[in-house]
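Engineer:
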Amino acid sequence: MSFSPIRKLTLILLLFLLAFPVPCLAQSVKLDRGVTHLTMTRENSQGRPVVINAIIADLNDNRVEARLVMAENQLGKTQTVSSMAREHYALAGINGGFFSTSKRAIPTDTFMLEGRIISKGMRDPAVFGLFDNGKAFIDTFHPATVVTVARNFLQYDVEAINHETGIGLILYTPDYGTETGTSKSSLEYTVRPVQGRYYIEEVYHGNAPIPSDGYVLSFQGTTGNLSRLKVGDEVSVNTYYPPGYEDVKAMLGCGPLLVRNGQVLKPDLTFLQPGIGSPQPRSAVGITSDNKLLLVTVDGRNAGGSAGMRFEELAALMKELGARDAMALDGGGSTTLYAGGKVVNNPSGGSERRVANAILIISQIPVYIDGERQYFEVPPVNQNGRVLVPMRALFEKLGAEVNWDPETRTITAYKGAVTVEMSPDTNLAAVNGQQVKLDVKPIIVEGRTLVPLRFVSTALGFDVGWDPAKEMVTISTK
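Quick note: the sequence shown, position 451, residue 861 per our numbering, numbers continuous.
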C-alpha cells in the first residue's frame, strides 16, 4: 500500500499525538512541492512547554536540493541564516555546526564544499554530508589526510586543516587567508608548485605566509622527524575516504550523534562543555529511510515560552519524526530555522545570531547537461513556459565566453563561429547579426541576469529537451 505525501504527513502528526501522553498541538504548511513546515507544541520530560519547528524535505523530488553554505562564502566569516537563505533563494534553512568565537569563526569540526575540505578540527563526533548525486548521509567517518615526502617516503597524518591552534601537523591553505597567524613555537614549511609538483620552499618559525598557489605545513607541539624535512623536498597531500564515500561533495561535522540505523543512541557529551546537556535550545538534522531530510529546532531558555530539551529528548524526537539517522547541530543562541521567507522559531537571544555555516533547502527546475545535473546559485525561473537560467553560469557550463555591457545593457556570448546578443530591455536578439524574436526576453533577478535556456543552447548548436512529466530540462552538447 502506498500513501500520498499529504497522507504521510497526516500519519506523522497522528503518531505524535499517540506517542505523547501530554498535550501536543501540531500544524503543517506546504512551502513548495516536496517541502513542508511543521510546528508543534508539547511538554518536555520536566512537564514544561516546548515549541518545535521542523522542515521535511523530500530529496526524491528532483526539484528539491539540500545545500551546505558558508557565511559570506569565506572561511572565518559569520552571517545570519536568513541572509544566507535569501542569497541562495532557499525555501528553508537551519544553522550549521559549532564554530570558534575567539578570533575568527572557524568551524570547530569538518567543513567541506565542492569536494574540497575547507577546514577540519581535532575531533568529529558525527558528520552530515551530501554526495555528488544529491543524496544525503549522516555518519561518524572521518576523511584521513596524509602528507608524503617523496625523497624518503616519510608520511605525516594531518591532524587539522585551517584551524587556529592544534597539536601535530596542521595544514593551512589559501582558504584560511594570507598567513597562519601562529606563534613562534610552530615550525612551518611553505609549499609551492613547480611544473605541477609541490616542493618545500621556505622554513618559518610561526606566522608563515600562505602561498596563493600552495599551502603551509605547520608542526605544532611536536618535533618528531622534523629534521628529515628539507627545503627543496617534494611533498604531496592526499585525502582518503572509506569505501562508498569517494563521491562526497559537501560535509559538515557536529554532533552528538542522536539516531543511527533507526536506533536512539545515548548521546556522547564528552566533547561538549559542562552543563550543555541541560534543557537548551536545540537544532538537529535527520534523514529518513525513504530519503527525506529533517531540519528540526526546539526553542529554549523560555524564548517564546519554550523551555528547551535535553539531548536524550532530542534523540527521541528525531526518531519519532521518522529519522533513520540523526545528529545534533550547534544549539543555544545559534538555533535558527528559516522557512517561507522568515525565521519561524524564536532565537533565545531575541534575534538571529550570526553563524559560520548553514544547511539550506532549495527548490529549482532540474537542468541536465550531457546527463549531469547542474546546480545554480539562483534557481531557474519558468516564465510563460520558458525556462530562464543565470546567464554567466549557463554560458560557462556550455563552454562559451560571455560579456555584459552595463552601458548598453547588452549580453554578448561567443562560442566558435557563433555570436549571440541579447538584452533584458527587448525580446529581440541576434545570432551572428541575424535578428531573432524571443518568446521571452532576459530578466534581472536581484542583480543576476537570467537568459532563456532553450534559445541560448540552440543558438550555440546544442540539442535541448523538456520532460513535462519530470519538469526537467536536458541539453546535449555531443
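All C-beta atoms in this analysis are idealised placements derived from N, C-alpha and C, irrespective of residue type, glycine included.
When DSSP labels each residue in this structure, what does residue 491 get in the three-state scheme?
Structural biologist: Three-state result, residue 491: helix.
Engineer: Can you tell me whether residue 544 is helix, strand or coil according to DSSP?
Structural biologist: Here residue 544 sits in coil by DSSP.
Engineer: How big is the Cα-Cα spacing for residue 462 and residue 551?
Structural biologist: Near 29 Å, if we compare the C-alpha coordinates of residue 551 and residue 462.
Engineer: Can you find the residues in the same chain that come closer than 7 Å, C-beta to C-beta, to residue 576, ignoring five residues on each side of it along the sequence?
Structural biologist: Closer than 7 Å at the Cβ level, and outside the excluded window around residue 576, lie 532, 569, 570 and 630.
Engineer: Taking only the alpha-carbon atoms, compute the straight-line gap between residue 693 and residue 814 and give it to the nearest angstrom.
Structural biologist: About 43 Å.
Engineer: Checking 8 Å against the spacing of the C-beta atoms, do residue 521 and residue 663 come in under that value?
Structural biologist: Closer than 8 Å, so yes.
Engineer: Helix, strand or coil: which one does DSSP assign to residue 811?
Structural biologist: The answer is strand: DSSP assigns residue 811 an E or B state.
Engineer: Mapping DSSP to helix, strand and coil, what is residue 432?
Structural biologist: Residue placement at residue 432 cannot be trusted, given a pLDDT of 43 that sits under 50; what the coordinates show is reported in the next sentence. Of the three classes helix, strand and coil, the one that applies to residue 432 here is coil, per DSSP.
Engineer: Can you tell me which of the three DSSP states residue 877 falls into?
Structural biologist: Here residue 877 sits in strand by DSSP.
Engineer: Output needed for residue 830: all residues of its chain with C-beta closer than 6 Å, excluding positions within five of it in sequence on either side, in chain order.
Structural biologist: Closer than 6 Å at the Cβ level, and outside the excluded window around residue 830, lie 823, 841 and 869.
Engineer: Below 8 Å, how does it come out for the segment 724-742 and the segment 500-508: are there three or more Cβ pairs, yes or no?
Structural biologist: Output reads yes: the segment 500-508 touches the segment 724-742.
Engineer: Check whether the segment 717-728 and the segment 471-486 are in contact - that is, three or more C-beta pairs closer than 8 Å.
Structural biologist: Touching, no, given that fewer than three Cβ pairs across the two stretches are closer than 8 Å.
Engineer: Just to confirm, are residue 476 and residue 445 a CB contact at a threshold of 8 Å?
Structural biologist: Not in contact: residue 476 and residue 445 (Cβ atoms no closer than 8 Å).
Engineer: Can you give me the C-alpha to C-alpha distance between residue 799 and residue 560, rounded to a whole angstrom?
Structural biologist: If you take the alpha carbons of residue 799 and residue 560, they lie about 46 Å apart.
Engineer: Within 10 Å of its beta-carbon, does residue 765 have 16 or more other beta-carbons around it, so buried, or fewer, so exposed?
Structural biologist: It is buried - the Cβ of residue 765 has at least 16 other Cβ atoms within 10 Å.
Engineer: Assuming residue 611 is part of the alpha helix (DSSP H), what are its boundary residues?
Structural biologist: Looking at the DSSP string, residue 611 is not in any alpha helix (DSSP H); the run it does join, the beta strand (DSSP E), is 607-615.
Engineer: The beta strand (DSSP E) spanning residue 729 covers which residue range?
Structural biologist: Note, residue 729: premise wrong, no beta strand (DSSP E); alpha helix (DSSP H) at 721-730.
Engineer: Can you list, in chain order, the residues of its chain whose CB lies under 6 Å from that of residue 828, leaving out five sequence neighbours each side?
Structural biologist: Cβ within range, chain order: 870.
Engineer: Could you pull out every residue in the same chain whose Cβ sits closer than 7 Å to the Cβ of residue 627, ignoring the five residues on either side in sequence?
Structural biologist: Correct list, in chain order: 557, 579, 581, 598, 599 and 601.
Engineer: Would you check if the segment 792-811 and the segment 854-863 touch, i.e. whether three or more CB-CB distances between them fall below 8 Å?
Structural biologist: Short answer: they touch.
Engineer: At what residue ranges does the segment 520-599 contain a whole run of the beta strand (DSSP E), taking only runs of 3 or more?
Structural biologist: Taking only runs of at least 3 residues, the beta strand (DSSP E) segments lying wholly in the segment 520-599 are 521-523, 526-529, 536-541, 546-549, 554-559, 565-571 and 578-582.
Engineer: Is it right to say residue 455 is buried, meaning 16 or more other beta carbons lie within 10 angstroms of its own, or is it exposed?
Structural biologist: It is exposed - the Cβ of residue 455 has fewer than 16 other Cβ atoms within 10 Å.
Engineer: Return the chain-ordered ranges of every beta strand (DSSP E) run that is complete within the segment 687-767 and spans a minimum of 3 residues.
Structural biologist: With a minimum length of 3 residues, the continuous beta strand (DSSP E) runs that stay inside the segment 687-767 are 692-698, 702-708, 733-738 and 747-749.
Engineer: Quick check: the segment 509-517 against the segment 694-709, are there 3 or more CB pairs under 8 Å?
Structural biologist: No, they do not touch.
Engineer: So the candidates are 585, 782 and 609; which of them puts its Cα closest to the Cα of residue 622?
Structural biologist: The shortest C-alpha separation from residue 622 is found at 585.
Engineer: According to DSSP, simplified to helix, strand and coil, what is residue 872?
Structural biologist: Here residue 872 sits in coil by DSSP.
Engineer: Please classify residue 879: is it buried, with 16 or more other beta-carbons within 10 angstroms of its beta-carbon, or exposed?
Structural biologist: Answer is exposed; the Cβ neighbour count stays below 16.
Engineer: Mind checking who residue 769 pairs with in its DSSP beta bridge?
Structural biologist: Paired residues: 478 and 504.
Engineer: Taking the beta strand (DSSP E) that residue 839 falls in, what are its first and last residues?
Structural biologist: Looking at the DSSP string, the run of the beta strand (DSSP E) that includes residue 839 is 838-841.
Engineer: What whole-angstrom Cβ distance do residue 645 and residue 610 have, given they're in contact under 8 Å?
Structural biologist: With a Cβ gap of about 6 Å, residue 645 and residue 610 count as contacting.
Engineer: Nearest-angstrom Cα distance between residue 821 and residue 574?
Structural biologist: Going from the Cα of residue 821 to the Cα of residue 574 covers about 44 Å.
Engineer: Look up residue 509 in the DSSP assignment and say whether it is helix, strand or coil.
Structural biologist: Residue state, collapsed to three classes: strand.
Engineer: Ordered along the chain, which non-local residues of its own chain (more than five positions away) have a Cβ less than 7 Å from that of residue 804?
Structural biologist: So the qualifying residues of the chain are 861, 863 and 866.
Engineer: Quick one: what's residue 824 bridged to in DSSP?
Structural biologist: Its beta-bridge partners are 811 and 829.
Engineer: In whole angstroms, give me the CA-to-CA distance for residue 537 and residue 843.
Structural biologist: Approximately 53 Å between the Cα atoms of the pair.
Engineer: Taking the C-alpha atoms as reference points, what is the distance between residue 411 and residue 883?
Structural biologist: Any answer about residue 411 is weak, because its pLDDT of 46 lies below 50 and its placement is not dependable; what the coordinates show is given next. Spanning the two alpha carbons is a distance of roughly 32 Å.
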